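One structure below.
Numbering (the working numbering), first residue to last: 156 to 903.
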């Protein structure tokens, strides 16, 4: 058995599973503050003290070699000897902490043992420093431990961990053998596919970042996963992190792993499902008093981990649920734990880029041996903006202020409600954009947060309180980031007031989240223009770039531009011509048509024209707002029914991305308008921000985001080399030079 390299933190967490899942609710904010709190404590160290000291030591146990390593928060020189300082931020009230958690002591014990071995010390002091994340109060626990005691403790921890280590080593050996003999899972590469796969492999090999535009039909999923797996076989990476925005692309990644497993691949992969969706209970209340899967979760999780890793490779939602039910553990926390030890993780963007839910236990050394694959990357800037934005309204605080079950919180909510009213009085217009939050309002919100956090930690089950706690926590976190990349939007409504922090430019946050991975690959069918997407994704000059042509021929697609105005002021005058053009195209072509409009109102206006007269031999369908999964599935199933369909949908909605309707299922697509976002003060603020950065603000705020929607919608038409069809671009702006250069070559 090869040496097992193991971080002190991971060893401690595996052996000392402790606490309860509901405690994790309050800990996430402390994690967000962790780095800042660590640095503040470390600034108080003396000249001879050391911070972030890397430690490593071999330990022989039962014929196996373990390499224990990690970064010690602080090694303090004291007149009586040395002190190992382990710093932990916490949202718990310090008076409630009577002794340090075993898991925290255990991590410090590993560092202390290494130091006693290296420095031949008879004993050493171990200190656990807790810092309250809101108040910054500190509480320390310190004790002296003999070297022999520490050695016994570490050996005992390794003994508990050893069966898991043995299993992981065996699985890795099987993985490496299977990758060595793994062939590309198709008889031949599609046009552009080999080039994309080669670029991904080169990016991993050179520890770089790649931005790849790879049009529909190339096979992006397999072209990025296959070279990453081959790189894992050569020990270049140890984990693949595949992140995407949509369920459909997550399923595509799962299917790619399935396909390669049929070809002999032995590689574990876990798919992440949102907590609200995978929770077994009616309500997502992570408290042991309410949920039997939370009660005792930590006592059973190691057994569940060993069981699933021993018997499964592709751990989809249904597989996770099956084993979670068998071992009576929380399915979400189960999948989160697995994401640190499986060979691959497939999940939504938020597990990587959202500071509230990202996998913070992923240590630096583990991250440096992982590759990040970001699918549908054109979606990430908007998603990341929302992750770093936050909003609060007055009405919810008013409701909580009337709740006499929690007097202290009710009092704090009254103060926030009053602060909202003061803000409302000062507004001269119905809305205002400012660059600083009102000071008294923010103080009131912070006071509410402190009281709400105390209640949540005590196990309160009031959903409104818990929801508002999270909303306030997000706003406070956003408030601490506010600079020129943000603006604050305040709006007064009839009986309410909205305060919203908006992140205009998330590029630095995206760049920071991707930093530390061995390599990062951002890919999409639509990264147009690439300079815009690169800027929004935090790209740098030295990053790699790949722009592949469409694998399909121009003969497969007939593109027709209808030069008519779709501007809001002209819609009533031009709707008749647009519907006539659509009717003619639908009747002239066999197969189904999908027609995209820039808004529900505009779509409904056109639909009513068709509804009055109908189209011979054609069934009409229209997307409705807030469609559930079952309704969406029913909508798409109609394309396979055999009847001719004319379906109306919204540009940028659920049917304009990630939808596969090959062959006769879809032979016509029409796009009405150029996808421009609605002109409003918020978009204009974005325009101003980019203008001040020396860029074309109007293009960055309006034109480019709109064209990304157009390109995605048009991409629904030709999905395979056998497809053909007609694409109608209905807007006179498509004939201008500005828009012509943004269209794919085969559309011009």
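C-beta atoms are modelled at their ideal positions from N, C-alpha and C, and glycine is treated no differently.
Just so you know, these numbers come straight off a predicted model, no measurement behind them.
- prompt: Would you call the CB atoms of residue 494 and residue 542 closer than 8 Å?
  reply: On the chain shown, position 339 is the one that residue 494 refers to. On the chain shown, position 387 is the one that residue 542 refers to. Result no, Cβ atoms of residue 494 and residue 542 do not sit closer than 8 Å.
field: Reference residue 375, options 862, 859, 884, 813, closest by Cα
entry: Taking the first residue of the chain shown as position 1, residue 375 is located at position 220. Ranked by Cα distance from residue 375, the first of 862, 859, 884, 813 is 813.
- prompt: Do you know offhand how far residue 154's Cα is from residue 397's?
  reply: Outside the shown range of the chain, which is 156 to 903, sits residue 154, and nothing can be said about it.
query: Residues in its own chain within less than 8 Å of residue 334 by CB, not counting five upstream and five downstream?
result: Position 179 of the chain shown, counting from 1, holds the residue named residue 334. Cβ within range, chain order: 384, 385, 387, 388, 420, 422.
- prompt: Between the segment 461-469 and the segment 316-335, do three or more beta carbon pairs fall short of 8 Å?
  reply: yes
task: Consult DSSP for residue 448 and reduce its assignment to one of helix, strand or coil.
output: Locating residue 448 in the chain shown gives position 293, where the first residue counts as 1. DSSP places residue 448 in coil when its eight states are reduced to three.
Segment limits, beta strand (DSSP E) that includes residue 655: Position 500 of the chain shown holds residue 655. Start and end: 652-658.
- request: Provide the residue span of the beta strand (DSSP E) that contains residue 279, from first to last.
  value: As a position in the chain shown, residue 279 is number 124, starting the count at 1. Where residue 279 is concerned, the enclosing beta strand (DSSP E) stretches over 278-287.
query: Mind checking residue 161: buried by the 16 CB within 10 Å criterion, or exposed?
result: Here the question's residue 161 lines up with position 6 in the chain shown. Answer is buried; the Cβ neighbour count reaches 16.
Inter-residue Cα distance where the pair is residue 886 and residue 369: Looking up residue 886 in the chain shown gives position 731. Looking up residue 369 in the chain shown gives position 214. Using only the alpha carbons, I get a separation of about 26 Å.
query: What is the DSSP secondary structure of residue 899, counted as helix, strand or coil?
result: Your numbering for residue 899 matches position 744 in the chain shown. Reduced to three states, the DSSP call for residue 899 is coil.
- prompt: Since residue 400 and residue 504 are thought to touch, with beta carbons under 8 Å apart, how far apart are those beta carbons, to the nearest angstrom?
  reply: As a first step, residue 400 is located in the chain shown; it is residue number 245 there, counting from the start. As a first step, residue 504 is located in the chain shown; it is residue number 349 there, counting from the start. Contact holds; Cβ gap of about 6 Å.
task: Determine, using beta-carbon pairs with one atom in the segment 559-573 and one in the segment 525-544, whether at least three such pairs fall under 8 Å.
output: no
Proximal residues to residue 407 (C-beta, below 7 Å), its chain only, five neighbours per side dropped: Residue numbering aside, residue 407 sits at position 252 when the chain shown is read from its first letter. Taken in chain order, the residues that qualify are 376.
query: By Cβ distance below 7 Å, which residues in the same chain neighbour residue 718 in space, the five residues on each side in sequence not counted?
result: Counting from one through the chain shown, the residue named residue 718 turns up at place 563. These residues qualify, in order along the chain: 887, 890.
field: alpha helix (DSSP H) segment containing residue 611, residue limits
entry: Here the question's residue 611 lines up with position 456 in the chain shown. Residue 611 -> alpha helix (DSSP H) spans 594-613.
task: Tell me whether residue 233 sits in a helix, a strand or coil according to DSSP, three-state version.
output: Taking the chain shown and counting its residues from 1, the one referred to as residue 233 is at position 78. Three-state DSSP puts residue 233 in a strand.
- prompt: What is the DSSP secondary structure of residue 182, counted as helix, strand or coil?
  reply: In the chain shown, counting from the first residue as 1, residue 182 sits at position 27. Reliability fails at residue 182, whose pLDDT of 37 lies under 50, so the model's placement of it is uncertain and no value is given.
Classification of residue 589 by the beta-carbon crowding that lies within 10 angstroms, buried from 16 upward: Within the chain shown, the letter at position 434 stands for residue 589. The residue is exposed, with fewer than 16 neighbouring Cβ atoms inside 10 Å.
field: Cross-strand partners of residue 647 (DSSP beta bridge)
entry: Stepping through the chain shown from its first residue, residue 647 is reached at position 492. BP columns for residue 647 point to 652.
task: Compute the distance between the beta-carbons of residue 249 and residue 294, then report whether it is under 8 Å.
output: On the chain shown, residue 249 is found 94 positions in, with the first residue counted as 1. On the chain shown, residue 294 is found 139 positions in, with the first residue counted as 1. Going by C-beta atoms, residue 249 is nearer than 8 Å to residue 294.
message: Give me the residue from 853, 360, 339 with the minimum Cα distance to residue 418.
response: Here residue 418 corresponds to residue number 263 of the chain shown, with the count starting at 1. Selected option, being the one with the closest Cα: 339.
- prompt: Between which two residues does the beta strand (DSSP E) carrying residue 588 extend?
  reply: Mapped onto the chain shown, residue 588 falls at position 433. That run of the beta strand (DSSP E) goes 586-589.
task: Tell me whether residue 628 is buried or exposed, calling it buried when 16 or more other Cβ atoms sit within 10 Å of its Cβ.
output: The count along the chain shown starts at 1 and reaches residue 628 at position 473. Buried, by the Cβ-count rule.
task: Tell me whether residue 244 sits in a helix, a strand or coil according to DSSP, three-state version.
output: Here the question's residue 244 lines up with position 89 in the chain shown. Reduced to three states, the DSSP call for residue 244 is strand.
query: Rounded C-beta distance between residue 330 and residue 498? I'm assuming under 8 Å.
result: Here residue 330 refers to the residue found at position 175 of the chain shown. Here residue 498 refers to the residue found at position 343 of the chain shown. That belief holds up - the Cβ atoms of residue 330 and residue 498 are roughly 6 Å apart, short of 8 Å.
- prompt: Where residue 664 and residue 693 are concerned, what is the direct C-alpha to C-alpha distance, given to the nearest angstrom?
  reply: If you number the chain shown from 1, residue 664 lands on position 509. If you number the chain shown from 1, residue 693 lands on position 538. The C-alpha of residue 693 is placed about 8 Å away from the C-alpha of residue 664.
- prompt: Does the distance from the C-beta atom of residue 803 to that of residue 862 stay below 8 Å?
  reply: Here residue 803 is taken as the residue at index 648 of the chain shown, counted from 1. Here residue 862 is taken as the residue at index 707 of the chain shown, counted from 1. No, these two residues do not count as a Cβ contact at 8 Å.
message: Please give me, in chain order, every unbroken run of the alpha helix (DSSP H) with length at least 4 that falls completely inside the segment 413-474.
response: Within the segment 413-474, the complete alpha helix (DSSP H) runs of at least 4 residues are 430-433, 452-466.
field: Reference residue 291, options 191, 551, 267, closest by Cα
entry: As a working note, residue 291 is residue 136 in the chain shown. Considering only alpha carbons, the answer is 191.
query: Excluding the five sequence neighbours on either side, which residues of its own chain have a C-beta within less than 7 Å of the C-beta of residue 820, listed in chain order?
result: By 1-based counting over the chain shown, the position of residue 820 is 665. The residues are 747, 794, 795.
- prompt: Would you call residue 479 buried or exposed, if buried means 16 or more other Cβ atoms sit within 10 Å of its Cβ?
  reply: As a working note, residue 479 is residue 324 in the chain shown. Residue 479 counts as buried, since at least 16 other C-beta atoms from the protein chains shown sit within 10 angstroms of its C-beta.
task: Indicate the three-state DSSP secondary structure (helix, strand or coil) for residue 175 in the structure shown.
output: Counting from one through the chain shown, the residue named residue 175 turns up at place 20. With a pLDDT of 41 at residue 175, under the threshold of 50, the predicted position of this residue should be treated as unreliable, and no value is reported.
query: Of the residues 222, 656, 445, which one's Cα is nearest the Cα of residue 635?
result: Looking up residue 635 in the chain shown gives position 480. When each option's Cα is compared against that of residue 635, the closest is 656.
message: The alpha helix (DSSP H) that contains residue 324, what's its start and end?
response: Numbered from its first residue, the chain shown carries residue 324 at position 169. Residue 324 -> alpha helix (DSSP H) spans 302-335.
- prompt: Thinking C-alpha only, which one of 810, 527, 445 is nearest residue 618?
  reply: For the purposes of this step, residue 618 is taken as the residue at position 463 of the chain shown. Closest by alpha carbon: 445.
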